[in-house]
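**Q** Each residue of the sequence shown is one higher than the one before, counting from 661 in this note's numbering.
Glycine is no exception: its CB is placed at the ideal position from the N, C-alpha and C atoms.
The structure follows.
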Amino acid sequence: MIDKGQWRQFGQDTGVTPNSVSMVIAATIYSMVIGALFRIMDDCCSLMSLSAKRVHIITWNVGSAMPPDDVTSLLGLNVGDGNTDMYIIGLQEVNSMINKRLKDVLFTDQWSEVCMDALSPFGYVLVTSQRMQGMLLLVFAKYFHLPFLRGIQTQTTRTGLGGIWGNKGGVSARMNMFGHSICFLNCHLPAHMENSDQRMEDFESILQQQQFEGQAATGVMDHDVVFWFGDLNFRIEDLDMQVVKSAIDNNKLSTLWEKDQLNMAKGSETVLEGFHEGPLKFPPTYKFDVGTDTYDTSGKKRKPAWTDRILWRSRPMAQVSNSMSKRSSLSGLTSGTCVSQHFYRSHMEYTISDHKPVSSIFTLQFPYRVDMPLVTLFVEDEWTEISDAVAKYKAAPNFPRSSWDWIGLYKVGFKHHKDYVGYVWAKQEESDFLRQEHQVIFTEEELPKDSGDFILGYYSNNMSSIVGVTEPFQRVTEMLRPSHTVMPSPSRMRQNQ
661 MIDKGQWRQF GQDTGVTPNS VSMVIAATIY SMVIGALFRI MDDCCSLMSL
711 SAKRVHIITW NVGSAMPPDD VTSLLGLNVG DGNTDMYIIG LQEVNSMINK
761 RLKDVLFTDQ WSEVCMDALS PFGYVLVTSQ RMQGMLLLVF AKYFHLPFLR
811 GIQTQTTRTG LGGIWGNKGG VSARMNMFGH SICFLNCHLP AHMENSDQRM
861 EDFESILQQQ QFEGQAATGV MDHDVVFWFG DLNFRIEDLD MQVVKSAIDN
911 NKLSTLWEKD QLNMAKGSET VLEGFHEGPL KFPPTYKFDV GTDTYDTSGK
961 KRKPAWTDRI LWRSRPMAQV SNSMSKRSSL SGLTSGTCVS QHFYRSHMEY
1011 TISDHKPVSS IFTLQFPYRV DMPLVTLFVE DEWTEISDAV AKYKAAPNFP
1061 RSSWDWIGLY KVGFKHHKDY VGYVWAKQEE SDFLRQEHQV IFTEEELPKD
1111 SGDFILGYYS NNMSSIVGVT EPFQRVTEML RPSHTVMPSP SRMRQNQ
């Protein structure tokens, strides 16, 4: 039961007097509701431990450099336990010279290729990407998560030269992950010590301009979880070069934190409310002499700074009521998604740029709101004969099928949804609407020449994503003749209609 003080507080909150006949009943209910909400807040992460997803985020201003030959350590593939579910890679100052940009339009850019080549053997597939001049955002996920990443959209906002030029600004990708909305925002904000206010203005402009269609979370800040990262360009104020370098050399980085412009802004800028960042226990990541671990020795002698950052924010729940939230501190309850950070570090071994890359791993814990794919695909056994090449599938009642949907045959380790070996159209017949289970048959021309492990993926034209996958299965081809027929891609087929 509640004590006398809580009774008085209840009366102030509700206007119910102690003489009211309903006082005891109402106060008891009030006490139970408050207690239950606080128990939910305290126990949410432990209750949701069975539905945890690990997200690895990387930001790097690459200074127009070509990608390194090996990004294994940057991605943590040499020390990882294989439990990372998603990789989010935000790059700034990717080479955007006209001749290079035209080549990237016609073919996949080199940075995307390097990342796909490194991640695809571990089962990661490129979910979406967004490029704006020198800014690039890549989102990868384990292939078996693809059916549960829905409502995928991207946005770009230019802030360079007053919004005309895209050398500065933000690129984002949003999606619903198992029913929870999440947004990844990669930014490159204005440079130089004196432009701290301009950086905040540009960030606010990016948030205002980036709006998504057809979603409950229409703006960046409407999402359950937001990750904000990039070359944010905040500097260390007041302290001179000698003091900053001495703190770095003597590993007294905490003495620099209070003079970091972003840390200072957190206490005064409303737009930063709710954003969290791990402690800056790694040395400032800018500015280095290219090819070295030595801070700038050029004539400019830029003062070291933590320009490259990763922050996150969980959206607060709607307040229960104005009076209740004021006195009960319930506004700390979040949207049902708990975010915990495992590490926050730089990678000093990479020297191709005057910036060092920064990475962080997070665990997102939440109850599944969506745990069934829109399309369930399956094969009955390995494909040894041509007659075995049958795929069966069931579509959810609310799934918006299209005559342009197709089922792709992918070799295990595929890079993206277009990286198929073959495909068949998942065409609709009038009789289909009377059946729960459907099937498609792959002909010899659509089958691979070689044996191996494969999966099937159902691509939805309306949703522009893979909405169903099979478990891996084997394809054995010793008895089959090679085929020389080349099929046009689904996108090319649509163009020809």
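#1: Nearest by alpha-carbon distance to W972: which of F838, P1060 and I842 is it?
#2: Given a threshold of 16 other Cβ atoms within 10 Å of its Cβ, counted over all protein chains shown, does S789 qualify as buried or as exposed?
#3: So, T819 versus L892, is the Cβ gap smaller than 8 angstroms?
#4: Could you tell me which of T744, W1066, H805 and K947 sits nearest to A720, measuring between CA atoms?
#5: So, under 8 angstroms CB-CB, T952 and Q869 are touching, yes? Tell me the CB distance rounded to an integer number of Å.
#6: Reducing DSSP to helix, strand and coil, say where R1135 ends up.
#7: Less than 8 angstroms between the beta carbons of L1107 and A1049, yes or no?
#8: Quick check for students: name the residue ranges of the alpha helix (DSSP H) that lie wholly in the region 906 to 987, counting only runs of 4 or more.
#9: Say whether chain D places a C-beta atom closer than 8 angstroms to the C-beta of R975.
#10: Could you compute how far the alpha carbon of T1137 sits from the alpha carbon of D1041?
#11: Can you tell me which of V787, I812 and D862 puts its alpha carbon nearest to the alpha carbon of I824?
#12: Between the beta-carbon of L1034 and the beta-carbon of F1059, is there less than 8 angstroms?
#13: Would you report the Cα separation of T1036 and I812, rounded to the nearest angstrom?
#14: Short check: CB of H848 to CB of G890, under 8 angstroms?
#15: Please report how far the alpha carbon of R987 lies from the alpha carbon of A877, in whole angstroms.
#16: Starting from I866 and walking both ways along the alpha helix (DSSP H), at which residues does that stretch end?
#17: Should S1000 go down as buried or exposed, given a rule of 16 or more other Cβ atoms within 10 Å for buried?
#18: So, is I700 buried or exposed, given that buried needs 16 or more other C-beta atoms within 10 angstroms?
#19: Would you call the region 1064 to 1081 and the region 1116 to 1134 touching, i.e. three or more CB-CB distances under 8 angstroms?
#20: For E864, which residues from the same chain have a beta carbon less than 7 angstroms from its beta carbon, with the 5 sequence-adjacent residues on both sides left out?
#21: Does the Cβ of E1045 have 16 or more other Cβ atoms within 10 Å, making it buried, or fewer, making it exposed?
#22: Please report the straight-line C-alpha distance between S1013 and S1047, rounded to a whole angstrom.
#23: Is DSSP giving A778 helix, strand or coil here?
#24: With a Cβ-Cβ cutoff of 8 angstroms, do F844 and D1031 count as a contact?
#25: Is DSSP giving I717 helix, strand or coil here?
#26: Is the CB-CB distance between S1006 and P943 below 8 angstroms?
#27: Please specify which runs of the beta strand (DSSP E), each continuous and at least 3 residues long, are wholly inside the region 1072 to 1116, giving them in chain order.
#28: Thinking C-alpha only, which one of I896, T1011 and Q902 is nearest T954?
#29: Please state whether the Cβ-Cβ distance between M792 and G829 is less than 8 angstroms.
**A** Considering the structure as presented:
#1: I842
#2: buried
#3: no
#4: The amino acid occupying residue 720 in the given sequence is Trp; Ala does not appear at that position. Comparing Cα positions, the closest option is K947.
#5: Between Q869 and T952 the Cβ distance is about 38 angstroms, and since that is not below 8 angstroms, they are no contact.
#6: strand
#7: yes
#8: 914 to 917 and 921 to 926
#9: Looking for chain D here will not work: only one protein chain is present.
#10: 14 angstroms
#11: D862
#12: yes
#13: 20 angstroms
#14: yes
#15: In this prediction, R987 scores a pLDDT of 31, lower than 50, which makes its location untrustworthy; no coordinate-derived value is stated.
#16: S856 to Q869
#17: exposed
#18: Low confidence applies to I700: its pLDDT is 48, below 50, so where it sits in the model is not reliable, and the reading given next is rough at best. Burial call: exposed.
#19: yes
#20: V931
#21: exposed
#22: 54 angstroms
#23: helix
#24: no
#25: strand
#26: yes
#27: 1082 to 1085 and 1097 to 1101
#28: T1011
#29: yes
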